[in-house]
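Protein chains in written order, with this note's numbering: chain G, 322 to 508; chain F, -7 to 529; chain L, 14 to 687; chain H, 672 to 1165; chain C, 27 to 127. All C-beta atoms in this analysis are idealised placements derived from N, C-alpha and C, irrespective of residue type, glycine included. Note sheet for the following structure.
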């Protein structure tokens, strides 16, 4: 596909806008000195990613992303940030001093990934666009062929829930606990 | 009595282990029970091996008798195959016998921290390892038994060993002799045996190229003589090298010997005795049982190197002895020299030489074992092994001194005593080594070996003079030393008798080994090999 | 038991010795049994085991005497071999180690000499050792010696010979060092052992070569092959012959290995008499005689060496004897010299002559030693400077001593005269003129030093401090018996009149000795006689009873040579500083150093390097991650840091970086750069 | 499209699920001092789960579900057995440990069971998604368990480090998986393999495979993805550490091997050299670092890193040499089984000894043999087994490892074999150091802990089981070769 | 549209995530970076799916699973952070840079 053809496709303009949004906000996630801002930039990244998914006619995934991430995860993050009273303002020393080596590492990784995917998929065009994939198919797959991971992942969530609560909850002091025990037994 | 045929060997090997378990059940405080169990078990084991010897058909000593060959680890092709032939019989008897003597000696000789239960338990485990190695006919089984001796010996040295601190060159901190020696012994041997294992495995898969893959020693031997090219060339050279590392460390051959003086110096008396009398033999036995018959062609290539190292060991060990002040260390270095003769015999690849090696092994076991007993008993009495402080022992403890004198004479290879035959025959062998080996080289080795005998006499008599003769130093004035007690006598007298017996009647050993060795050499190196320059053709 | 047919026996006038020879092994066993018995119960006996020893020797002596008569009358050729081990020897052949005994002229003569002298010495020793320490052990060791010597003499094969050979060496070691409380004595014992051990290399290697080449240890088979001219044997004959002779040199104290013998005098005198004069030291001579056909034939090229060494020995020994003060040392050097005669005789081809001198020497030298012992017993000193004038207080000793001295000096008709004459005649006939004249000159020296000794000891005035008295009968009777031997021993071979000895020592098994025929040789007799007589006369003049001290006189007599002789030609110094010290000192220490710092150093070094490596891997790489790679090893360890500090130090990111870098490296190595 | 569900095949998982829910519910109703019933229930549940396992094993048929993405064959069964036995042992170890400290017992067992469930699922997975989920379920509860000593800063740190590196590895693993999916369009292994075989050389494939390898490398704590291990091992509750070093590592290995062996064997030219490097570095780095440890758990951490290296040797060498992977595969699995038993034993000893010495330092073990000979003997047995000294089980593990190297042949493998041999010797040194402390060093006059402390019954049971297994397997290694034979099934099926 | 444009964005996003993970001192921010990486994976999966058009929409299913797992991980991570926060606070109230790594 030549460049002109590529530019000629309006979807690609949409893509470019979304990509810009994804990358810019993604970049800010890892550079913003403010933790709340960073979390919000992640929201932007995810939202733009959801746009990608729509572009790729993966509506279900897109909405899952929005619901789960923006609706739940980010809220969780913000709660976390608030509860731990992490500095919400600008933090001067938010990064380690070794930005450069880290950037080089990231760059190298990007190079490798980009190069290898380019050699493999450089000229693969996306054809089936806009038809919208069937959520029904997806549902059948999830509860059919992927039943086992589907069920198992629920235990992952359960474990995360139970374990998370256990770790995160405030421990009672032994004295308090004894008192609680006493109350319970009296009841 | 098929029971003996089928179970004799197995029981001989594992009875000590059962004994160890029994001792393990006895409370620590009940020393008498532990000692009694150890004695009964070791005597039973010895008697059993004696029964085996009595029922042994010396007419076909070149065949494995009392064989048991049954499945063990099927998936890797390892089998439980044990058997006794003329080569292993003397070694097995030596092993079971020495253990009995060690138990007797231990009756009232304890190094700190005492604990007879643990000591005897370990000793019996050791016995299983030693007996097993001598009868194993499967490479994996051999390997297991070969390694089994490591643990008990490590602890014998490490727990009951010499506690004087010593500075180790290269390390900042001082370390107790026993600790250094124990781990050194362990690491050296493990290093060698790791490569040995690689060699074994390699043999196993290589044998697949000419039939079924097998770890079976007789089968591999057979294979080596029917398919001469199989274990040859670069491959064979490498595999022999791997086995060499494993066995040579144990022998020990120069320059892999340095664990030995440390181990001997540090080990408790009985540990030293077992180490010298039997453990060292595991290596040379491995050469005879495995390396030569299975890898005859590489053995050719390696033999000159082995011969040279052996002779270096003889001279080097003797010279090192002359610089020692510690009596046990001196005896340890003498082992390096004596085992040098054993290895020289093996390196000739001739019947004479290998017979020499076996009788040399037996003799060294008896003599050096006794020497370590004596050194231990002296250290027990004087609380020092420093020869500059000893002296006049003959006057202070006459009977012990006399036995020491006798043993020294035996050790320096006095004809008529056991030690002579090994040295003499090994020289005999090296005059005309296997045909394809360099006669010139081996004759030079022979001359150096002979010079080694003089040096041996040198340090041995020197030791005798420093320890036994002269007036006792003033340090010991007023000390009362009890002379040899009955346990010591009971442990030593059999050794003395055997030293004389083998010396006067070497048939005791050679009668069993000769045919077996002949078959071995014929199979490995072809009948009619060796010694051509005879009778003028 | 197997009796082997003697293929090469010349059976014309020899029987097989019957049961007597067949059971001759009894003589070998009895002393060993006695040895054991003495060790076990000797201490509890009234004479502390001496009776057992004497009894055993008496049995042996009687047996030997019976054999001797039988041999003298009808001749014996017999050999017994018991196999003690058999082993593959390559090419499907088997070789056996055997015990056994050979009974023929040579061994029978030796049996007789050994048992006779031994018996007398044992008896003598009962008196001599009275009140000494370790008498039991002394007799035990003597029995061990006797057994080993019989084993040696009876050896039908080289292995047994070596066993006996080293056995007597051991006994010698034990007995020389009998008073081992004194370090000098144990050192002398060790010296004897070492020197012999060095020589034994020769014997053992010679044996190895002969045995491997001939395929047998049996002496008669080896000799048979030699006679046949087996090519393989021929190729190694000279080397083997020289090696075996080297062995003989040690035992028979030939130059330059004679150094142990004078020191061996540290042992009790009966020991010196028995072993270091009469029997053990003649083992080398015996060995050469036993192998004589070999040296005659194949190894003929080795013979000039034997002759040469023997000649040098006979001269230097005699010269050293001139300057000794210790009476036993005079006798020791005299023994060296006389052994030189025997060896030289054999080297010159004089089989009978050599053995004849062995025979007579055994009597008169044993006599001299025992008599000297009697003197020492009386004056409690070995030094002649503390003797003198003992003629009167020790009359019996004196007279027997005189007999021995005359025999040694070669004054007719005593034993020494006949045998020495036989040797000189051999030299003459063999055409070795220089040797002949050296022999004659040494005969002069012999007579001179002998009578120097006699005069210094028994004449003049007593210079010691003890109160000399005659020894008990148990000591003097053996002296007298030996004196008879010293007088009459030579009559067994009087050229032209009686040649019995000649036939007694025939080894009929293999060959008829066709040594250089000595016969009656006036050309040899006259110079020898003159030399001997003039030696006695010269001594009389020099050491006349009223002369000054003998030491000053010596210096006057041989000014240039004296220091050399006093230092024994510096041989001991050469051995000590040239061989023993370097080995014991720098070389041994060097090896020990190498062991500790090079070989062990490598071992410990590997350990230390591994440890250092682990410090780097763990301390720098593992715990510091990328920083560690960049900054290298840092001394700081994490032990000081608390968990909190570790969290804040960014370690997790270090780990993560390591993680990602590791992944990248793998990708680069495997995917990108392939 | 409808799928048949074979409930018998899923029975072990279902039993565990029932148990963990049971534990969760039971926990609600139990008073604080009776929480140990949750432990009892867990132990019973794990034991019960073995019953269908045995039935399935006796039955012996291969049961494949969901288009072959979930397979219960003998290979899966023996591994499930291994996970259950190891889990069982860890549960036994946990009982007294958890009881003695202030832990949330119910939640603890729930999480442990969840992790076991994950590993069971993973053993059957023949599909990237199932594998991924199984692996996550195995690991995620461990992030939490590592931090279960909530008040302890070290435990906190352990948890956080493990977590961050864990998610990093998950991300890399996922990226690799996504690429693999993109290249093949399949997630089921057999289908993937066919596509990969057709694909030929492709850098993207290489990157995909290697990223996945990195992900697995984290789980098995191979160098250089091991950094979390020492800190986490040290900080986590010891039974959790035991679980981490055995079950979690085994799960990682199983995942790695299934993927490499079943899905991308044809990309061996990419992963083989990488695996070779990881093996060599893990052995050497782990052992050298272990030499410097003073803390027993840290030492075991580095030892387990080195052991991971040893375990990778067979596969790496076979793949590098282009030899048949089947033998190597079974060798690794056998090694894994033996390692599991002896390492769990070692940790059980560590737990028991910690009570007595009150310290985690090796020096604190001095003289253990004098006042507690049984524990001394057990410690000796387990540590020397880890060192590979006959007749303890470890020798056979080393043996099969060397064996597979020799089968492979070739220069690169011989080099690896020599590295392994030298490392065996280095390893012996630090294992022997522990036994040295136990037997050869004198006991200090006073200890921080209670020398007379009794070892609890459950811990004794754990010690006994692992000791017996260590010894019996050492003498009759034929027992564990069932693992090897079973793993060959995996090859035969594909 | 071509596939690679999505892959490129994903790769870049992934690298951002790695960068963030390496440099961020704040634990919450590290978590955010991880989310970026997982999101990149999702882009990959969905983009591949749109090309491959598998019958079971495997890519999208996979993406859903990844999202779920990511959510669980975030929960776990925040719980750990919270726990540590509690401990720190009790130990040192004034330390505001608590969650620095």
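Asked, Found
"8 Å CB neighbourhood of residue 327 of chain F in its chain, flanking five on each side removed", "252, 256, 268, 272, 309, 356, 360"
"Close-in-space but distant-in-sequence residues of the same chain around residue 1157 of chain H (CB under 6 Å, 5 per side omitted)", "745, 746, 749"
"Cβ neighbours of residue 203 of chain L in the same chain (closer than 8 Å, five flanking residues each side left out)", "186, 190"
"CB of residue 115 of chain F within 8 Å of CB of residue 92 of chain F, strictly", "no"
"Unbroken alpha helix (DSSP H) run spanning residue 1122 of chain H, endpoints", "Counting along the chain, residue 1122 of chain H falls outside any alpha helix (DSSP H), and DSSP gives it neither H nor E."
"Chain-ordered neighbours of residue 704 of chain H on chain C, where CB pairs are closer than 9 Å", "By Cβ distance, chain C contributes nothing, its closest Cβ being about 25 Å from residue 704 of chain H, past 9 Å."
"Coil, strand or helix - residue 146 of chain L by DSSP", "coil"
"Short CB-CB distance (under 8 Å) between residue 684 of chain L and chain H", "yes"
"Bridge partner(s) assigned by DSSP for residue 736 of chain H", "H:741"
"Any chain G beta carbon closer than 8 Å to residue 650 of chain L", "Note that residue 650 of chain L has pLDDT 37, beneath the 50 cutoff, so the model's placement of it is unreliable and no number is given."
"Under 8 Å between C-beta atoms of residue 717 of chain H and residue 759 of chain H", "yes"
"Candidates C:105, C:108, C:97, of which the one nearest residue 477 of chain G by Cα", "C:97"
"Inter-residue CB distance, residue 139 of chain L and residue 487 of chain L (contact presumed, cutoff 8 Å)", "5 Å"
"Neighbour flag for residue 67 of chain C against chain G, beta carbons, 8 Å", "no"
"For residue 72 of chain F, the three-state DSSP class (helix, strand or coil)", "strand"
"When H:1097, H:1056, H:890 are compared against residue 139 of chain F, the one with the closest alpha-carbon", "H:1056"
"Neighbour list for residue 677 of chain L in chain G, Cβ cutoff strictly below 8 Å", "426, 429, 430, 433"
"Stretch-stretch touch, CB-based, cutoff 8 Å, three pairs: the stretch 378 to 386 of chain F with the stretch 435 to 450 of chain F", "no"
"Listed by chain order, chain G residues near residue 60 of chain C by CB distance under 9 Å", "The premise fails here: residue 60 of chain C is roughly 10 Å from chain G at the closest Cβ pair, so nothing lies under 9 Å."
"Cross-chain neighbours of residue 536 of chain F in chain L, by beta carbon under 7 Å", "Absent from the structure is residue 536 of chain F, since the part of chain F shown begins at -7 and ends at 529."
"Beta-carbon gap between residue 484 of chain G and residue 844 of chain H smaller than 8 Å", "no"
"DSSP beta-bridge partners of residue 60 of chain F", "F:74"
"Burial state of residue 722 of chain H (16 or more Cβ within 10 Å)", "exposed"
"Residues within the stretch 976 to 988 of chain H neighbouring chain F, beta-carbon criterion of under 9 Å", "none"
"Reduced DSSP secondary structure (H/G/I, E/B, other) of residue 100 of chain F", "coil"
"Spatial neighbours of residue 467 of chain L in its chain, beta-carbon cut-off 7 Å, leaving aside the 5 residues before and after", "414, 415, 418"
"The stretch 219 to 235 of chain L: positions lying closer than 9 Å to chain H by Cβ", "none"
"Residue 1159 of chain H at chain C interface by Cβ criterion, 8 Å", "no"
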